[in-house]
Amino acid sequence: MSIFTVSIGKEQLWFTAAHFIAFKGFREPLHGHTYQVQVTVSGPVGPDGYVVDFLVLKKIAEEECRTLHFRTLLPELSECLTIESDKESVQVECEDGARFVLPRQDVVLLPIGHSSSEEIAQYLIARLRSRLTDARGNSIQTIEVLIEDIPGQVAACREPFVVEAE
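Structure representation (structure tokens):
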């Protein structure tokens, strides 16, 4: 059985966002990137001739990137950040005493421990997997997300396309 690969991204799949990496004893300054994203899925060609419909994959990936665009990305599961939010603002207190107060609509709280490109890639895989499960032509066996935060610096996450039973 042949396995095929379908990829979309980089030039047409991107978002600009602010973030900072923090872990015990370290915090980098708040800064931003224009992240370029590539999504690759692999599997056999199904009866309709697809691994997955390119148009569906592209639409879903673009929508997910749009939710991160022009936002500050904060890791909800951080061990060294205290994050409190309400309808109007998000307050972040760092281990080093730095404090940020941001408008709520400018922040995306991600269910990750660090706002690294690696963990953002894994977050996007989870979002794509949940939305692609019922896509026409889906015979996906693996999914990979590459994120380039600066030219030549790429993080990748590849996982089996296994959908959790609800």
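With this note's numbering, the residue at position 14 of the sequence shown is 45, and numbering never jumps.
For each residue, glycine too, the CB sits at the ideal point set by N, CA and C.
The structure displayed is predicted, hence computed values, not measured ones.
So, is residue i buried or exposed, given that buried needs 16 or more other C-beta atoms within 10 angstroms?
i: histidine 62; result: exposed
i: leucine 86; result: exposed
i: proline 106; result: buried
i: glycine 40; result: buried
i: threonine 36; result: exposed
i: glutamate 179; result: buried
i: glycine 80; result: exposed
In this structure, what does DSSP give as the bridge partners for residue i?
i: tyrosine 81; result: According to DSSP, tyrosine 81 bridges with nothing at all.
i: histidine 64; result: Ala48
Measure the alpha-carbon distance for residue i versus residue j and round it to whole angstroms.
i: glutamine 153; j: cysteine 188; result: 6 Å
i: alanine 53; j: valine 138; result: 17 Å
i: serine 38; j: threonine 47; result: 21 Å
i: tryptophan 45; j: aspartate 117; result: 28 Å
i: isoleucine 156; j: proline 142; result: 13 Å
i: glutamate 197; j: aspartate 165; result: With a pLDDT of only 48 at glutamate 197, under the threshold of 50, the placement of this residue in the model should not be trusted; the figure read from the coordinates follows. So the two alpha carbons sit approximately 14 Å from each other.
i: serine 148; j: aspartate 127; result: 23 Å
Kindly indicate the opening and closing residues of the beta strand (DSSP E) around residue i.
i: glutamate 179; result: 173-181
i: arginine 189; result: 184-191
Considering only residues of the segment 105-170, which uninterrupted alpha helix (DSSP H) runs meet the minimum length of 4 residues and lie entirely inside it, listed in chain order?
148-163
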